[in-house]
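*Asks:* Below is the structure I would like to discuss, written out as structure tokens.
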Amino acid sequence: MKKNIPVEFQELSRDIQEVFLTQEEIHQRVIDLGSEIARDYAGKKPLLVGALKGVMCFLADLVRAIPIVVEVDFMAVSSYSSEERDRGVVRVIKDLDLSITDRHVIFVEDVVDTGLTLNYLLRSLQARGPASLEVCALLNKTSRRLVEIPIRYKGFDMPDYFIVGYGLDYGERYRNLPFIGILKPEVLFGKN
Ligand code: PRP
2 MKKNIPVEFQ ELSRDIQEVF LTQEEIHQRV IDLGSEIARD YAGKKPLLVG
52 ALKGVMCFLA DLVRAIPIVV EVDFMAVSSY SSEERDRGVV RVIKDLDLSI
102 TDRHVIFVED VVDTGLTLNY LLRSLQARGP ASLEVCALLN KTSRRLVEIP
152 IRYKGFDMPD YFIVGYGLDY GERYRNLPFI GILKPEVLFG KN
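Dropping the structure here:
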């Protein structure tokens with residue numbers, strides 16, 4: 002069944018081909034993930050780490066679905082170039098403020114695609130001696146995976162669509178759409 006774009010977002014959504022996940026579908030899954038994390042980490046004061054910027058909506062909603070003590074920290078990363086990105090080289094622009102040594106860390110990602118970014122970051126975080134390190138990802142694009150990533154908490158598996166909204170961008174736009182939509186191919190190929 003076709004999923005509707007909220008009427009107030011129709012103008013901003015002209016480049017959207019189709020809604021992939023509605024606000025309600027995302028919300029329900031985030032609530033479930035939060036409950037699962039709260040159950041598994043009771044008494045452990047987990048530290049949730051997000052890599053900016055795509056994770057902003059997911060992390061903001063996820064922490065509010067975890068009714069136990071948690072702490073939050075952020076990293077900002079960028080690739081030097083597309084070639085280096087392909088080789089899994091990631092530049093850390095902003096490191097964590099907090100120490101993760103002996104902490105129970107949950108790395109929160111919006112999308113795991115090739116897995117190269119996360120593979121690099123997990124290795125870097127593991128070297129700091131956390132008590133545990135797990136991954137929570139909203140979206141899992143398995144078809145493009147180049148390196149295996151253990152995802153303990155997973156929102157949705159998805160095909161290789163170019164998606165935007167709920168924090169995800171195309172050229173820094175559309176992060177504010179409350180749903181996740183598939184971008185029209187002609188937008189991606191610069192035809193309009
Ligand atoms: C996205 C996403 C992940 C990464 C996943 O970030 O947030 O960090 O790509 O891709 P990979 O599995 O192929 O490494 P992006 O570079 O789009 O930056 P953003 O979070 O600032 O939007």
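Numbered continuously in our numbering, the sequence shown closes out at residue 193. The C-beta atom is built at its ideal place from N, Cα and C for all residues, glycine as well.
1) Is there at least one non-hydrogen atom of the ligand SAM closer than 7 Å to the beta-carbon of G172?
2) Counting C-beta neighbours from all protein chains within 10 Å, is the total for A43 16 or more, i.e. buried, or is it exposed?
3) Could you give the DSSP three-state label for S100: helix, strand or coil?
4) Among L147, T115, T102, V165, which has the Cα closest to the Cα of S133?
5) Would you list, in sequence order, the uninterrupted beta strand (DSSP E) runs of no fewer than 3 residues that lie entirely inside the stretch 29-99?
6) Cβ of E110 within 7 Å of any heavy atom in the ligand PRP?
7) Hey, would you say I150 sits closer than 8 Å to L119, going by beta carbons?
8) Just how far apart, CA to CA, sit S14 and L189?
9) For L53 versus V64, is the C-beta distance shorter than 8 Å?
10) In the DSSP assignment, find the alpha helix (DSSP H) that holds E187 and state where it starts and stops.
11) Which residues in the same chain as E135 place their Cβ atom closer than 6 Å to its Cβ, once the five residues preceding and following it in sequence are excluded?
12) Could you check if E85 is buried or exposed, using at least 16 other CB atoms within 10 Å of its CB as the buried criterion?
13) Cα separation between D16 and F180?
14) Using a 10 Å radius around the Cβ and a threshold of 16 neighbouring Cβ atoms, would you call N141 buried or exposed?
15) With H, G and I counted as helix, E and B as strand and the rest as coil, what does DSSP make of S14?
*Replies:* According to the structure data:
1) As far as ligands go, the structure on display features the ligand PRP and does not contain the ligand SAM.
2) exposed
3) coil
4) T102
5) 48-53, 72-79, 92-95
6) yes
7) yes
8) 14 Å
9) no
10) 186-189
11) I107, R153
12) exposed
13) 14 Å
14) buried
15) coil
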